[in-house]
Structures are given as structure tokens and as C-alpha cells.
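K.L.:
Note that full-length UniProt numbering has the sequence shown beginning at 1, numbered continuously upward.
Even for Gly, the Cβ is constructed at its ideal location relative to N, Cα and C.
Computed from a predicted model, the values in this text were never measured in an experiment.
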Amino acid sequence: MFWRKQTSHFESDDAEQRQAKIKELRAALGPLSARGEKYCNEACLVRYLEARNWNVDRSRKMLEESLEWRAARRPEDIRWTDVSVEAETGKMYRAPFTDREGRTVIVMRPTKQNTSSHEGQLRYLTYTLENAVLNLPQGQDKMVWLIDFTGWTLAHRSPFKTSRETMNTVQNHYPERLSAAFMFNPPKIFEASFKVLKVLIDPKSAQKLNFVYKENEESMKTMYNHIDPEVLPVEFGGKNSVVYNHEDYSKLMTRDDIKTASFWGADGNHAMNGHSVPEVKSQLSLTVAKAS
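1. Buried or exposed for V56, please, with buried defined as at least 16 other CB atoms from any protein chain shown within 10 angstroms of its CB.
2. For the 8 angstroms Cβ check, are there 3 or more pairs between the segment 245-256 and the segment 186-198?
3. For T153, name the three-state secondary structure that DSSP assigns.
4. Ends of the alpha helix (DSSP H) at F190?
5. Hey, how far is the Cα of G151 from the Cα of D13?
6. Measure the alpha-carbon distance for R79 versus P137 and round it to whole angstroms.
7. Identify every run of the alpha helix (DSSP H) within the segment 101-148, keeping only runs that are complete inside it and at least 4 residues long; order them along the chain.
8. Rounded to a whole number of angstroms, what is the C-alpha to C-alpha distance between M62 and P187?
9. Mind the definition here: the segment 159-179 touches the segment 130-146 only if three or more C-beta pairs lie below 8 angstroms; say whether that holds.
10. Keeping to the same chain, check which residues put their C-beta closer than 7 angstroms to that of R58; ignore five residues upstream and five downstream.
11. Could you pull the DSSP bridge partners for P233 from this structure?
12. Would you kindly work out how many angstroms separate the C-alpha atoms of L29 and K23, rounded to a whole number?
13. Could you give the distance in angstroms between the alpha-carbon of P110 and the alpha-carbon of T126?
14. Rounding to the nearest angstrom, what Cα-Cα distance links A15 and D141 in this structure?
15. Since V83 and R123 are thought to touch, with beta carbons under 8 angstroms apart, how far apart are those beta carbons, to the nearest angstrom?
16. Would R74 and H226 be called neighbours here (beta carbons separated by less than 8 angstroms)?
17. Quick check: M108 and L67, are their CB atoms within less than 8 angstroms of each other?
18. Can you have a look at L154 and say buried or exposed, based on whether 16 or more other CB atoms are within 10 angstroms of its CB?
19. Counting C-beta neighbours from all protein chains within 10 Å, is the total for A71 16 or more, i.e. buried, or is it exposed?
20. If we count the other Cβ atoms within 10 Å of its Cβ and call it buried at 16 or more, is E218 buried or exposed?
21. Use the C-beta contact count for V243: other C-beta atoms within 10 angstroms, 16 or more gives buried, fewer gives exposed.
22. Pull up the CB-CB distance for L45 and L25, whole angstroms please, since I reckon it's below 8 angstroms.
23. Going by DSSP, what residue range makes up the beta strand (DSSP E) through S179?
24. Using only the alpha-carbon positions, how far apart do Y39 and T104 sit?
25. By the 10 Å Cβ neighbour count, where 16 or more other Cβ atoms means buried, how is K91 classified, buried or exposed?
26. For G102 and L49, what's the separation of their Cα atoms in angstroms?
27. Can you give me the start and stop residues for the beta strand (DSSP E) that T169 sits inside?
28. Please classify V199 as buried or exposed, where buried requires at least 16 other C-beta atoms within 10 Å of its C-beta.
29. For F10, write down the residues that DSSP places opposite it in a beta bridge.
30. What is the DSSP secondary structure of N225, counted as helix, strand or coil?
31. Taking the DSSP output, what are the residues bridged to V212?
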């Protein structure tokens with residue numbers, strides 16, 4: 001008589017099975033550096049497991065590659081003075097508002113690209129992502145992107161090399177960090193270009209991308225379901241007349257750099273996202289131009 005081997009079925013909503021997978025992944029990683037230990041808290045392990053459908057071997061490989069990337073790129077050591085030139089036009093910044101769940105919102109404006117430096121642009125992207133994570137509230141580990149394509153032309157298109165590395169950075173080194181992305185008013189010509197880039201996007205991430213058109217009420221409702229129109233900037237179809245002010249934003253980021261240094265220099269009792277971080281108040285102070 002032959003017995004068929006029983007295969008265990010993993011249920012991601014089963015707390016006991018989840019803990020077993022987390023413990024297995026932690027053991028598989030082996031000894032880590034001090035910063036590696038700090039990075040690989042339980043919330044981090046869960047994100048990498050979710051990104052690889054709770055397959056421990058694949059999650060370990062992905063996380064080890066991220067640890068190697070972080071050791072080489074040292075994103076936690078990037079400071080505002082290193083990247084401020086990239087932000088002068090307000091092409092990307094942490095918004096002075098959150099979504100309805102309190103998540104950090106990043107505003108991106110591709111038409112305001114002001115440099116041609118591949119490394120500089122990626123460095124600023126990394127800095128912005130690290131800052132967004134640092135400012136996530138207790139219990140939240142995802143962010144929202146608002147991308148304004150109003151006026152976009154082929155002249156604003158990023159080199160394929162930069163687009164590819166951007167996708168690689170976001171998907172492979174910040175997995176499960178995106179809650180939703182709203183691509184606002186993309187012209188038809190962008191939609192055609194996007195079809196080429198879409199091959200670089202994993203299916204789970206692709207499901208979080210939303211094309212929003214100001215004249216399409218249903219698509220606007222989708223965005224409003226995530227972000228209250230009262231806080232949404234006017235240019236995105238909201239009622240908030242906030243505008244980017246580089247000088248004020250520079251002051252904010254300089255203060256946030258203190259938080260970053262405090263976190264990575266703190267002892268092991270501190271952790272990001274869901275744990276305590278040395279408190280340094282840094283209320284966003286963008287200039288608001290009230291409609292007259």
C-alpha cells in the first residue's frame with residue numbers, strides 16, 4: 001500500500017501559522033549586523049513574506065538582497081543636504097496631509113523634473129521613501145502616492161534605465177509599502193508609454209495603481225475614498241490651496257534628519273513603524289496660499 005504525502009496548506013490569516021513562518025524566516029537569515037537586526041523587525045519580516053506569498057525561501061532571498069542593497073546604498077545615512085537640489089522644483093515631497101487612514105502621502109510631479117542625474121534622482125527617491133516610512137503613524141506601514149501628470153509630454157519621460165531602477169527599488173527593497181497610487185490626468189501618450197513600463201511592475205503592485213481623470217467622476221470618487229477632498233490639493237481636484245515651498249520643506253527635512261539619526265543610532269529597544277522612535281516634533285510647514 002502506498003501512502004500519499006500530506007502537504008500542509010498555509011493560511012495567512014492563521015496567527016499560529018504566521019508566527020511559525022516569521023520564526024522560520026528569522027532563523028533562516030542567521031546572524032545580522034546591528035543595523036540589519038534593527039531593520040528586520042517583525043513587521044519587516046511580514047512584509048517580505050507577504051511579498052513572496054509566505055514562501056520562506058523566496059522571502060529570505062529577497063530580504064537578503066535588500067540587506068545587501070542597504071549595506072551598499074546606506075539609505076539611512078542620506079541627509080537633506082545630499083539631495084536638496086533634486087527637490088528645488090517640488091517634483092517629489094511628503095505631503096502636509098495624510099490619507100483617511102493616516103498614511104503618509106507622497107506627491108510626485110514628473111513635469112517638474114529639474115536634473116538629469118540618474119544617481120541623484122534615485123538617491124532622492126530613496127531619501128523620500130525612507131522619510132515617508134519614518135513618519136508613518138503607529139500601526140500603519142503603507143503609504144499613498146499622488147502623481148500629477150497634468151501637462152506631461154514625451155519630453156518629460158525618464159530614461160528607461162532610471163525607470164527600471166526606480167521600479168526595482170520600490171518593489172524589491174520597499175515591498176508592501178504601497179497602499180495605493182493615483183496617477184492624475186495622464187495624457188493618452190503616457191498611457192501608451194505606461195504599457196511598456198508595465199512589464200516591470202509585479203501584478204500585486206499593478207492592482208494598486210489607479211488612473212484618475214478630473215472629468216471622470218467615478219475615478220475621482222476612487223481617489224476621494226482614500227483622501228478627503230478637503231485636504232487634497234486644488235490641482236488634484238481637491239479644496240486645499242497648499243503649495244510647495246522649498247525653504248520651509250528644507251527646514252522640515254533637516255529636522256527629520258535628526259529623527260533619522262536618532263533612530264539608527266538608538267539602542268535595540270527602538271524600532272521603526274509600530275514601535276517607538278525618539279520623538280522630534282516636525283509638523284509640516286508648507287506655505288498655504290488661501291484663495292481670496
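P.N.:
Taking the geometry as given:
1. buried
2. no
3. coil
4. 188-197
5. As the crow flies, the alpha-carbon of G151 is around 44 angstroms from that of D13.
6. 22 angstroms
7. 118-134
8. 35 angstroms
9. yes
10. R52
11. The bridge partners DSSP lists for P233 are N240.
12. 10 angstroms
13. Distance between the alpha carbons of P110 and T126: 16 angstroms.
14. Spanning the two alpha carbons is a distance of roughly 19 angstroms.
15. Correct: roughly 6 angstroms between the Cβ atoms.
16. Not closer than 8 angstroms, so no.
17. Taking 8 angstroms as the Cβ cut-off, M108 and L67 do not qualify as a contacting pair.
18. exposed
19. exposed
20. exposed
21. When all chains shown are included, V243 counts as exposed.
22. Contact flag correct, Cβ pair sits at about 5 angstroms.
23. 178-184
24. 19 angstroms
25. buried
26. 24 angstroms
27. No beta strand (DSSP E) holds T169; the alpha helix (DSSP H) holding it covers 160-173.
28. exposed
29. In the DSSP assignment, F10 forms no beta bridge with any residue.
30. Note: N225 maps to helix in three-state DSSP.
31. F184
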